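Peer 1:
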Amino acid sequence: MRTGLFFETSQSIVKSFLSNVIAIDDKLFFGNAISNKEEVASAANKDPFAFGEEESGSSEEDSGLGVANISLASSTIRDRLEKEVHNLDYQDLSLAFAEYGINCSGFIPDVHRFKTIEDAAENITLSAKRVDATILDWRMDENFGAEIGSLAKASILKILQHDKSQHGRLRLIVIYTAEPNIAEITGNIAQTLQSVDFSVLTNENNINFDNADLEFCQITVIEKKTTAKELREEVVSLFTELTIGLLPNATLSTLSELRDKTHHILHTFSRDLDPAYLSHVIGLLSSPKVRENAEEVALDYAAELIAEELKSMIQISHPLKLSLEKNRIIDWLSHINMENDDDFFEIVVGDESGKVGSCRMKELIEATENEQIDAILQSEPKIISKGQDSLSFFERNRIQVNLKNGTIDSHEKLSIIECKRRDGLSLTNLAYAPNIKLGSIIKDKKGKYYICLQPLCDSVRLSSDASFLFLAVKEVKEPTGKFTHVIQSKTGENIRLMARCSTQCIRKFDLKRNTTTRTVKASNQAGSNEYIIQCKKESGGIEELFWVGELKNNVAQAISNQVAASISRIGLDTNEWLRLSSSISIA
Numbered sequence: 177m178r179t180g181l182f183f184e185t186s187q188s189i190v191k192s193f194l195s196n197v198i199a200i201d202d203k204l205f206f207g208n209a210i211s212n213k214e215e216v217a218s219a220a221n222k223d224p225f226a227f228g229e230e231e232s233g234s235s236e237e238d239s240g241l242g243v244a245n246i247s248l249a250s251s252t253i254r255d256r257l258e259k260e261v262h263n264l265d266y267q268d269l270s271l272a273f274a275e276y277g278i279n280c281s282g283f284i285p286d287v288h289r290f291k292t293i294e295d296a297a298e299n300i301t302l303s304a305k306r307v308d309a310t311i312l313d314w315r316m317d318e319n320f321g322a323e324i325g326s327l328a329k330a331s332i333l334k335i336l337q338h339d340k341s342q343h344g345r346l347r348l349i350v351i352y353t354a355e356p357n358i359a360e361i362t363g364n365i366a367q368t369l370q371s372v373d374f375s376v377l378t379n380e381n382n383i384n385f386d387n388a389d390l391e392f393c394q395i396t397v398i399e400k401k402t403t404a405k406e407l408r409e410e411v412v413s414l415f416t417e418l419t420i421g422l423l424p425n426a427t428l429s430t431l432s433e434l435r436d437k438t439h440h441i442l443h444t445f446s447r448d449l450d451p452a453y454l455s456h457v458i459g460l461l462s463s464p465k466v467r468e469n470a471e472e473v474a475l476d477y478a479a480e481l482i483a484e485e486l487k488s489m490i491q492i493s494h495p496l497k498l499s500l501e502k503n504r505i506i507d508w509l510s511h512i513n514m515e516n517d518d519d520f521f522e523i524v525v526g527d528e529s530g531k532v533g534s535c536r537m538k539e540l541i542e543a544t545e546n547e548q549i550d551a552i553l554q555s556e557p558k559i560i561s562k563g564q565d566s567l568s569f570f571e572r573n574r575i576q577v578n579l580k581n582g583t584i585d586s587h588e589k590l591s592i593i594e595c596k597r598r599d600g601l602s603l604t605n606l607a608y609a610p611n612i613k614l615g616s617i618i619k620d621k622k623g624k625y626y627i628c629l630q631p632l633c634d635s636v637r638l639s640s641d642a643s644f645l646f647l648a649v650k651e652v653k654e655p656t657g658k659f660t661h662v663i664q665s666k667t668g669e670n671i672r673l674m675a676r677c678s679t680q681c682i683r684k685f686d687l688k689r690n691t692t693t694r695t696v697k698a699s700n701q702a703g704s705n706e707y708i709i710q711c712k713k714e715s716g717g718i719e720e721l722f723w724v725g726e727l728k729n730n731v732a733q734a735i736s737n738q739v740a741a742s743i744s745r746i747g748l749d750t751n752e753w754l755r756l757s758s759s760i761s762i763a
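Under the working numbering, read the sequence shown as residues 177 to 763, first letter to last.
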């Protein structure tokens, strides 16, 4: 629903984020159309039999975006005026979007320029590739001699195929039409997409997709609007519905902030720094130890430098702060629970749980004192039934919030973002061969997982095949099993891992190096989706290991430190009475 404070603030965030919109219509023009009753009446006076009695008294106005139904007696006048009312006034539309700082471009699929539907659809795809919202007229096929909707459907298909090949893109496609059968058009588009293996989900006049690559893609069929501003508002509202949420809005706010600060970022990394960066590269080349990997080391340095500068800006971003402030979280509770169900939120604390409504959740978020939190936990229906021990139980145990009829893996998805630096899913379309180094995760043919412990300095400049240290970790498949890290497979499944940082879990693999880069690289072999590392077996044969992903540097370093701490533990033979005395509580 397009009501409530949370939707309004989300809409404001979208207005700041949206940058480019494209309108595609074969009747696009730059100028004025017959758009008011005086002009229409003037045209009718030239033919006294042009209008029937009912139409002559009509007072409906039109801005050039088209109207749904016009009934004229004279075929000559009717044909001319039908063309006029179906025209799209690009000037009106571009000025309407410009009021929000959004650039609206136009595209006319001209049959004289594009000889076939296929050619026109290909060029529409190129024009729409990087825009946030695409507005397509449904009826652009007359001059191509094709069935109505053919060009719109061909364009949608090509756009989606491109987006899916890139593992998704934020995409809103709006089909606007003067036809009265919107539901039929929606079904027509859905059937076309379904026939080429797109898993579509239809809801009234909206089409979404049961596919992670197209999670933030939506096609919506709407009727033509009376004014350009009405069309603009509909596009903004649809985009808001597509991206609404706490973290999605926070992300859009951040991206808007960075885009607006592009000048300042470029000023920080201006061309004046080029000689200094070149000096850094030459300095790396001067060292025989780094020379062969100087380009990669310099790239890592630049990436880290830029990333830290962006991070420092994000941390003090006022729009980001506003998007996640406490009042907005409270507004979100009402938005997500519009029916105000008393059991919409399930709070799981350890092995205890309770279902509550928005009011209890608001009370919990606003509570600042232990007494307040304890009273909320003990209120009926109880979240924790531990009596006087409820507050300490609340502090000690893992807390998980689930939504009614919602997914329960959101916590794992957030953990994946926290843990992984990159994985097979993010590398599918990149010509990138990952190095095996600290934090790399590999898997053997038996499905056992290992995390690389090899220090970075021992992972480069290899003069021969080398032994690498790994930590054997267990994949946890039991729903209630304990785990320490979550990663993602190349097909998007969650993989939960338990890393026990003990010397007993350390393994050694003899890996074959890449003679060109003098590192161990995981190569993506032709015809395979696997990134393969060659490992030398004790018998002299070669075993294939599979690269799964790579942990963030700080996560990998934490594991390494824990393993090192385990190695450096000091064990003493001591008096058992004295050892156990340290755990005795004296009353």
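By construction, the Cβ of each residue, glycine as well, lies at the ideal position given by its N, Cα and C atoms. If you're wondering where the values come from, they're calculated on a predicted model, not measured in any experiment.
Taking D599 as part of the beta strand (DSSP E), name the residues at either end of that continuous run.
Peer 2: Position 423 of the sequence shown, counting from 1, holds the residue named residue 599. Start and end: 596 to 599.
Peer 1: Using a Cβ-Cβ cutoff of less than 6 Å, which residues in the same chain neighbour Y453 once the five nearest sequence positions on both sides are dropped?
Peer 2: Position 277 of the sequence shown, counting from 1, holds the residue named residue 453. Answer for Y453: no residue qualifies.
Peer 1: Whole angstroms are fine: how far does the CA of V524 sit from the CA of E556?
Peer 2: As a first step, residue 556 must be located in the sequence shown, where it is residue number 380. As a first step, residue 524 must be located in the sequence shown, where it is residue number 348. The straight-line gap from Cα to Cα measures roughly 15 Å.
Peer 1: Would the segment 379 to 390 count as touching the segment 454 to 472 if we require 3 or more Cβ pairs under 8 Å?
Peer 2: Result no; under three Cβ-Cβ pairs closer than 8 Å.
Peer 1: Can you say whether F283 is buried or exposed, counting buried as having 16 or more other CB atoms within 10 angstroms of its CB?
Peer 2: Residue 283 sits at position 107 when you count from the first residue of the sequence shown. Label assigned to F283: buried.
Peer 1: Helix or strand or just coil, what does DSSP make of L346?
Peer 2: What you label residue 346 is simply residue 170 of the sequence shown in a count that begins at 1. It is coil, neither helix nor strand.
Peer 1: Considering only the alpha carbon of each residue, which of I549, Y625, F193 lies closest to V652?
Peer 2: For the purposes of this step, residue 652 is taken as residue 476 along the sequence shown, with counting starting at 1. V652 has its Cα closest to that of Y625, out of I549, Y625, F193.
Peer 1: CA-CA distance, I552 and R536?
Peer 2: Here residue 552 refers to the residue found at position 376 when the sequence shown is read from its first residue. Here residue 536 refers to the residue found at position 360 when the sequence shown is read from its first residue. Distance between the alpha carbons of I552 and R536: 7 Å.
Peer 1: Tell me T378's beta-bridge partners as DSSP assigns them.
Peer 2: Locating residue 378 in the sequence shown gives position 202, counting from the first residue. According to DSSP, T378 bridges with I383.
Peer 1: Looking at the strands, I want to know which residues DSSP matches up with H661.
Peer 2: Position 485 of the sequence shown, counting from 1, holds the residue named residue 661. H661 pairs with L673.
Peer 1: Going by beta-carbon coordinates alone, are K171 and A354 separated by less than 7 Å?
Peer 2: Any question about residue 171 goes unanswered here, given that the chain covers just 177 to 763.
Peer 1: Taking the straight line between their C-alpha atoms, what separation do you get for T784 and L369?
Peer 2: Examination of residue 784 is not possible in this model, given that the chain is present from 177 through 763 alone.
Peer 1: Would you say T396 and V350 are within 7 Å of each other, going by their C-beta atoms?
Peer 2: In the sequence shown, counting from the first residue as 1, residue 396 sits at position 220. In the sequence shown, counting from the first residue as 1, residue 350 sits at position 174. The answer is yes: Cβ separation under 7 Å.
Peer 1: How is S250 classed by DSSP in three states: helix, strand or coil?
Peer 2: As a position in the sequence shown, residue 250 is number 74, starting the count at 1. Any answer about S250 is weak, because its pLDDT of 48 lies below 50 and its placement is not dependable; what the coordinates show is given next. DSSP places S250 in coil when its eight states are reduced to three.
Peer 1: Can you tell me whether I575 is buried or exposed, with buried defined as 16 or more other CB within 10 angstroms of its CB?
Peer 2: Here residue 575 refers to the residue found at position 399 when the sequence shown is read from its first residue. Classification of I575: exposed, given that the 10 Å Cβ count is below 16.
Peer 1: What are the partner residues of L647, as DSSP defines its beta bridges?
Peer 2: In the sequence shown, residue 647 corresponds to position 471, counting from 1. I627, I682, per the DSSP bridge assignment.
Peer 1: With DSSP as the reference, label S555 as helix, strand or coil.
Peer 2: As a working mapping, residue 555 is identified with position 379 in the sequence shown. S555: coil per DSSP, three-state reduction.
Peer 1: At what residue ranges does the segment 422 to 486 contain a whole run of the alpha helix (DSSP H), taking only runs of 4 or more?
Peer 2: Those alpha helix (DSSP H) runs which fall completely within the segment 422 to 486 and span 4+ residues are 422 to 436, 438 to 444, 450 to 462.
Peer 1: N690 by DSSP, collapsed to three states: which one?
Peer 2: Within the sequence shown, numbered from 1, the residue matching residue 690 stands at position 514. It is a strand residue.
Peer 1: Helix, strand or coil for I398, going by three-state DSSP, please let me know.
Peer 2: Here residue 398 is taken as the residue at index 222 of the sequence shown, counted from 1. The answer is strand: DSSP assigns I398 an E or B state.
Peer 1: For L727, which beta-bridge partners are listed by DSSP?
Peer 2: Translated into the one-based positions of the sequence shown, residue 727 becomes position 551. L727 pairs with K596.
Peer 1: Please state the DSSP three-state secondary structure of N503.
Peer 2: Within the sequence shown, the letter at position 327 stands for residue 503. Three-state result, N503: helix.
Peer 1: Thinking C-alpha only, which one of E714, D517, S678 is nearest S744?
Peer 2: Counted from its first residue, the sequence shown places residue 744 at position 568. Checked all of E714, D517, S678; the closest Cα to S744 is S678.
Peer 1: In angstroms with no decimal places, state the Cα-to-Cα distance between S640 and S602.
Peer 2: Here residue 640 refers to the residue found at position 464 when the sequence shown is read from its first residue. Here residue 602 refers to the residue found at position 426 when the sequence shown is read from its first residue. Near 30 Å, if we compare the C-alpha coordinates of S602 and S640.
Peer 1: Taking the alpha carbon of S270 as the reference point, which residue from A322, V197, I361, L481 has its own alpha carbon closest?
Peer 2: The residue you call residue 270 lines up with position 94 of the sequence shown. Closest by alpha carbon: V197.
Peer 1: Check each candidate in L181, N469, R435, I718 and name the one with the smallest Cα separation from T691.
Peer 2: Translated into the one-based positions of the sequence shown, residue 691 becomes position 515. Considering only alpha carbons, the answer is N469.
Peer 1: In whole angstroms, give me the CA-to-CA distance for D286 and A296.
Peer 2: Taking the first residue of the sequence shown as position 1, residue 286 is located at position 110. Taking the first residue of the sequence shown as position 1, residue 296 is located at position 120. Going from the Cα of D286 to the Cα of A296 covers about 8 Å.
Peer 1: In angstroms, rounded to a whole number, what distance separates the CA positions of M177 and S488?
Peer 2: For the purposes of this step, residue 177 is taken as the residue at position 1 of the sequence shown. For the purposes of this step, residue 488 is taken as the residue at position 312 of the sequence shown. Roughly 36 Å between the two C-alpha positions.
Peer 1: For S186, I'd like the list of residues in its chain whose CB is within less than 7 Å of its CB, leaving aside the five on either flank, ordered along the chain.
Peer 2: Taking the sequence shown and counting its residues from 1, the one referred to as residue 186 is at position 10. T416, I420, N425.
Peer 1: Could you give the distance in angstroms between the alpha-carbon of E522 and the alpha-carbon of V532?
Peer 2: Within the sequence shown, the letter at position 346 stands for residue 522. Within the sequence shown, the letter at position 356 stands for residue 532. Cα to Cα, the separation comes out at about 6 Å.
Peer 1: Using a Cβ-Cβ cutoff of less than 8 Å, which residues in the same chain neighbour A648 once the five nearest sequence positions on both sides are dropped?
Peer 2: Position 472 of the sequence shown holds residue 648. The residues are K624, Y625, Y626, C681, I682, R683.
Peer 1: Could you check the C-alpha separation between N546 and E571 for me, to the nearest Å?
Peer 2: Within the sequence shown, residue 546 is the residue found at index 370, counting from 1. Within the sequence shown, residue 571 is the residue found at index 395, counting from 1. Approximately 10 Å, taken between the alpha carbons.
Peer 1: Are H661 and C595 close, meaning C-beta to C-beta below 7 Å?
Peer 2: One-based indexing of the sequence shown puts residue 661 at position 485. One-based indexing of the sequence shown puts residue 595 at position 419. Yes.
Peer 1: Span of the beta strand (DSSP E) holding G530?
Peer 2: One-based indexing of the sequence shown puts residue 530 at position 354. From DSSP, the beta strand (DSSP E) with G530 extends over 528 to 532.
Peer 1: Rounded to whole angstroms, what's the CA-CA distance from D749 to N737? Just pull it up for me.
Peer 2: Taking the first residue of the sequence shown as 1, we reach residue 749 at position 573. Taking the first residue of the sequence shown as 1, we reach residue 737 at position 561. One C-alpha to the other measures close to 26 Å.
Peer 1: Looking only at its own chain, which residues have a Cβ that is under 7 Å from the Cβ of K558, when we skip the five neighbours before and after it?
Peer 2: In the sequence shown, residue 558 corresponds to position 382, counting from 1. G530, listed in sequence order.
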